[in-house]
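Asker: Under this note's numbering, think of the first position of the sequence shown as 74, with each following residue one higher.
One structure, pasted below without further comment.
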Amino acid sequence: MSSPDFKQNYFELFDLPVAFSVDTAALGARYRQLQGEMHPDRYAGKSDLEQRLAVQYSSRVNEAYNTLRHPLSRALYLLELVGISGEDVSRQQVDGGFLMMQMELREKLESLGELVDPDTVLEHLITEIGDDLRVLRGTFATAYGAGEHSAAAAACVKMQYLDKLLREAEQLEAELSEKRA
74 MSSPDFKQNY FELFDLPVAF SVDTAALGAR YRQLQGEMHP DRYAGKSDLE
124 QRLAVQYSSR VNEAYNTLRH PLSRALYLLE LVGISGEDVS RQQVDGGFLM
174 MQMELREKLE SLGELVDPDT VLEHLITEIG DDLRVLRGTF ATAYGAGEHS
224 AAAAACVKMQ YLDKLLREAE QLEAELSEKR A
């Protein structure tokens with residue numbers, strides 16, 4: 074077994090360009106290829122060192138895949154590559170207009186339980202949040218691609234807010250579906 078290069082960044086590991094836009098089909102294909110080559114089960118009869126390396130490499134491949142597969146974690150990773158930590162992103166100032174929009178969306182989400190038929194409102198809310206996230210992803214991609222890392226970080230912190238709200242809305246949607254079932 075050749076020793077894996079643990080110094081490669083996740084994009085290099087998957088033979089992808091360092092960019093926000095990722096070819097998800099190529100990512101998935103490379104993931105399956107890497108896991109096939111280095112899965113720990115293939116090294117069961119090998120030396121302890123080779124077994125440990127296979128486990129470490131497999132773990133790194135899984136971590137890299139999960140990071141690159143999700144837009145928010147990919148954005149945070151890209152910022153990390155240019156020296157902007159997750160803590161730095163979290164400290165970004167968010168404009169008042171965005172915070173007001175965030176509060177309105179959260180109020181809509183919290184008031185759904187009071188509605189007779191919350192499904193339609195929830196569906197519209199999830200669509201609205203998803204649309205806002207797509208716009209922010211575009212903003213991030215443009216800023217990052219132009220080397221405007223501060224603007225990319227500002228878009229990323231907004232993505233974090235909306236991503237969290239979207240997960241909460243989807244959780245509520247799942248809970249409402251369970252109640253109907």
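Note that CB positions come from ideal geometry on N, CA and C, so glycine has one too.
Using the three-state DSSP reduction, which class does V194 fall into: helix, strand or coil?
Answerer: Correct three-state label for V194: helix.
Asker: Since F213 and F84 are thought to touch, with beta carbons under 8 Å apart, how far apart are those beta carbons, to the nearest angstrom?
Answerer: About 16 Å separates the two Cβ atoms, so there is no contact after all.
Asker: Given V155, which residues of its chain have a CB within under 8 Å of its CB, disregarding the five upstream and five downstream residues?
Answerer: Answer for V155: H222, listed in chain order.
Asker: Take V194 and list the residues in its own chain whose beta-carbon comes closer than 8 Å to its own, dropping the five residues that flank it on each side.
Answerer: So the qualifying residues of the chain are K181, L185 and L188.
Asker: Below 8 Å on the Cβ atoms is my guess for M232 versus R210; work out the distance and round it to an integer in Å.
Answerer: Confirmed, about 7 Å.
Asker: Please tell me whether R133 and L100 are closer than 8 Å, where the distance is taken between their beta carbons.
Answerer: No; because the gap between Cβ atoms is not below 8 Å, this pair is not in contact.
Asker: Applying the criterion that 16 or more other CB atoms from any shown protein chain within 10 Å of the CB defines a buried residue, is S158 buried or exposed?
Answerer: Answer is exposed; the Cβ neighbour count stays below 16.
Asker: Using only the alpha-carbon positions, how far apart do E241 and A224 sit?
Answerer: Approximately 26 Å between the Cα atoms of the pair.
Asker: If you follow the alpha helix (DSSP H) that R240 is in, where does it begin and where does it stop?
Answerer: Unbroken alpha helix (DSSP H) run through R240: H222 to R253.
Asker: Run through DSSP, which three-state label would T89 get?
Answerer: According to the sequence shown, residue 89 is Leu rather than Thr. In the structure shown, L89 sits in coil (DSSP, three-state: anything other than H, G, I, E or B).
Asker: If distances are taken between C-alpha atoms only, which option among T97, F87, G118 and L149 comes closest to Y217?
Answerer: Closest by alpha carbon: L149.
Asker: Would you tell me roughly how many angstroms separate the C-alpha atoms of T200 and C229, rounded to the nearest one?
Answerer: When rounded, the distance between both Cα atoms is 19 Å.
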